[in-house]
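Accompanying notes for the structure given below.
Protein chains in written order, with the numbering used here: chain A, 209 to 627; chain B, 34 to 261.
Structural data, given as structure tokens:
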């Protein structure tokens with residue numbers, strides 16, 4: 209086998225240009241696959257991070273009854289004794305850093321001329337700021353404060369639509385627990401611009417005290433939202449969230465705890481489709497590379513027919529002839545795959561360390577409501593590199609077998625006569 | 034015992050409806066240590082005969098007996114194994130492996146035999162290179178050698194495994210007359226010192242003169258068998 213390696217390696221080096229061209233095609237294919245995977249994971253990461261940071265949190269605690277009726281945003285079926293539940297959640301898992309109550313309700317907001325429907329959220333300003341990054345998204349004014357009742361924070365798109373600024377007043381009306389409609393006047397204390405389009409377009413936040421007065425509730429919590437320490441990768445984030453939800457669920461009998469995996473299941477299903485798409489791309493590129501490998505080895509076979517005849521005349525078995533040319537293909541494949549992994553790693557490095565401004569790439573195109581803004585960072589994924597390398601080798605192996613078999617089938621006398 | 038016995042060999046090639054009788058009832062015996070030339074015009078069947086003797090091809094009918102073993106019913110694999118163990122070849126175009134050095138080319142038959150002792154293989158190859166006068170060229174590549182030197186390497190390669198029979202198809206056809214004579218002298222001297230049986234085909238009258246036995250083939254028939 210050692211001699212086969214030697215002959216194969218030297219033949220691969222003998223036709224450098226041929227080897228380099230095939231290797232480069234493979235490298236580009238595998239490199240693109242690795243980079244694309246990194247960017248897609250980065251997109252998923254930024255999307256899920258934004259969901260976690262602005263709307264969903266790592267896990268949500270709700271009653272099963274509320275979940276069954278959540279489309280109507282009822283003021284019933286809230287989490288019983290939210291304070292006790294929050295203490296139980298904090299004690300359930302060391303990774304949990306904060307818990308906050310929220311009450312979601314549908315309201316109408318008016319600037320005294322026009323009125324628009326909004327999804328309003330009652331929050332504990334201090335606790336909510338520990339779970340979500342909304343205070344960081346305030347572009348004018350300030351985040352809510354329990355010390356300043358009568359203020360609301362609204363999304364930037366809504367502010368624009370209503371033509372209001374910080375300091376202006378709005379009338380918010382909503383159905384109460386008494387099944388009548390109540391309205392009150394609130395000052396716009398802050399405007400937020402978040403990566404979540406629907407918050408920008410129809411989000412309204414008010415402090416619990418104001419919401420209780422408006423709705424006739426008493427600390428009603430339609431949900432408890434949970435924050436956890438940031439995990440190093442997307443998969444780790446999802447795993448952590450599932451673990452946290454399981455532990456919190458065990459600590460809260462009768463309540464339903466959904467992790468971000470469940471909360472973002474539609475997006476994650478789309479992610480799986482994207483992943484399939486990226487595999488399709490690598491398949492196409494590697495098919496092109498496979499044609500290159502078949503061609504390279506076929507040319508090698510054709511150029512060395514008499515050499516094959518000599519080896520066979522001296523007793524080399526057809527099996528070893530097949531091995532020889534398969535090895536050559538594998539060597540080209542290994543060089544191409546290794547180059548691909550290095551190229552992919554280099555591109556990964558750029559996306560992981562430097563990142564790419566999404567705005568600069570897609571401008572102001574609406575991404576169908578997806579929370580995809582900010583700087584996109586790639587993620588290192590050694591498994592993808594291993595898959596890319598292995599896939600390259602498999603493609604090279606399969607591609608090299610075709611001409612290698614042909615070489616092994618040559619009649620010795622025909623091969624020796626070949627000019 | 035004869036090293037080789039050919040009994041009534043016939044080889045027929047079919048081309049469409051036409052049959053070409055490349056060999057037609059050739060019988061002969063070869064004794065160990067012979068230095069035998071097969072001569073005849075182009076298309077007379079010399080190469081076909083050498084291919085059959087070399088177990089590269091099978092006769093349409095007749096028997097090939099090597100050292101008492103009848104290879105008539107041997108499978109391709111058995112023929113390949115026999116070739117590996119007992120027969121060596123020298124080709125008209127030398128056919129050295131261009132990516133291997135001179136010494137690696139000479140080692141090749143032993144490597145194909147899967148001999149494990151690398152040091153012994155190297156020593157044997159160097160010994161053969163010395164025998165053909167190329168001890169200083171061991172690490173050169175074939176492209177760095179002249180035609181005569183390449184054929185010397187091919188001879189060293191053929192002899193490295195101590196074969197029973199060395200077959201050479203027109204070994205001097207690509208060489209100038211002086212080099213051709215040197216190569217035949219070398220083959221003859223190795224035949225004398227090592228006792229290897231040489232069977233070679235040639236057109237060259239000068240080369241023929243060196244043979245101790247000349248077998249003439251014409252139209253697939255053995256028409257003369259002269260010993261000097």
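Cβ atoms here follow ideal geometry from the backbone N, Cα and C, with glycine treated the same way.
Does any residue of chain B bring its CB to less than 7 Å from the CB of residue i?
i	result
residue 211 of chain A	yes
residue 219 of chain A	yes
residue 518 of chain A	yes
residue 552 of chain A	no
residue 515 of chain A	yes
residue 522 of chain A	yes
residue 226 of chain A	no
residue 614 of chain A	no
residue 438 of chain A	no
Would you decide whether residue i is buried or exposed? Buried here means 16 or more other CB atoms lie within 10 Å of its CB.
i	result
residue 593 of chain A	buried
residue 356 of chain A	exposed
residue 496 of chain A	exposed
residue 204 of chain B	buried
residue 589 of chain A	buried
residue 297 of chain A	buried
residue 242 of chain B	exposed
residue 47 of chain B	exposed
residue 56 of chain B	buried
residue 290 of chain A	buried
residue 112 of chain B	buried
residue 64 of chain B	exposed
residue 250 of chain B	buried
residue 182 of chain B	buried
For residue i, does the three-state DSSP call read helix, strand or coil?
i	result
residue 195 of chain B	coil
residue 258 of chain A	helix
residue 418 of chain A	helix
residue 246 of chain B	strand
residue 267 of chain A	strand
residue 235 of chain B	strand
residue 252 of chain A	helix
residue 443 of chain A	helix
residue 309 of chain A	strand
residue 170 of chain B	helix
residue 325 of chain A	strand
residue 97 of chain B	strand
residue 40 of chain B	strand
residue 104 of chain B	coil
residue 583 of chain A	strand
residue 123 of chain B	strand
residue 160 of chain B	helix
residue 472 of chain A	coil
residue 362 of chain A	strand
residue 130 of chain B	coil
Against residue i, what residues of chain B qualify as contacts under a CB-to-CB distance less than 7 Å, listed in chain order?
i	result
residue 621 of chain A	84, 89 and 90
residue 525 of chain A	113
residue 222 of chain A	132
Starting from residue i, find everything on chain B with Cβ-Cβ shorter than 9 Å and list it in chain order.
i	result
residue 509 of chain A	In chain order: nothing, as chain B lies at least about 15 Å away.
Is there a C-beta anywhere in chain A that falls below 7 Å from the one on residue i?
i	result
residue 149 of chain B	no
residue 250 of chain B	no
residue 144 of chain B	yes
residue 254 of chain B	no
residue 117 of chain B	yes
residue 122 of chain B	yes
Kindly identify the DSSP beta-bridge partner or partners of residue i.
i	result
residue 202 of chain B	B/234
residue 47 of chain B	B/52
residue 531 of chain A	Per DSSP, none; premise fails for residue 531 of chain A.
residue 348 of chain A	A/399
residue 198 of chain A	Residue 198 of chain A is absent from the structure shown; chain A starts at 209 and stops at 627.
residue 218 of chain B	None, per the DSSP bridge assignment.
residue 316 of chain A	A/325 and A/381
residue 251 of chain B	B/254
residue 216 of chain A	Paired residue(s): none; residue 216 of chain A is not in a bridge.
residue 464 of chain A	A/270
Give the interface partners of residue i over in chain B, defined as CB-CB distance under 8 Å, in chain order.
i	result
residue 215 of chain A	130, 132 and 133
residue 624 of chain A	89, 124 and 128
Run down chain A in chain order and give the residues with a C-beta less than 7 Å from the C-beta of residue i.
i	result
residue 42 of chain B	What residue 42 of chain B touches in chain A: nothing, since even the nearest Cβ is about 15 Å away.
With hydrogens ignored, establish whether the beta-carbon of residue i is closer than 6 Å to any heavy atom of the ligand ATP.
i	result
residue 217 of chain B	Looking at this structure, you won't find the ligand ATP or any other ligand, since it has none at all.
What residues of chain A sit near residue i, judged by a beta carbon separation below 8 Å?
i	result
residue 39 of chain B	None at all; the shortest Cβ gap to chain A is about 17 Å.
Could you tell me which chain A residues have their CB closer than 9 Å to the CB of residue i, listed as they occur along the chain?
i	result
residue 266 of chain B	Missing from the structure shown is residue 266 of chain B; chain B here goes from 34 to 261 and no further.
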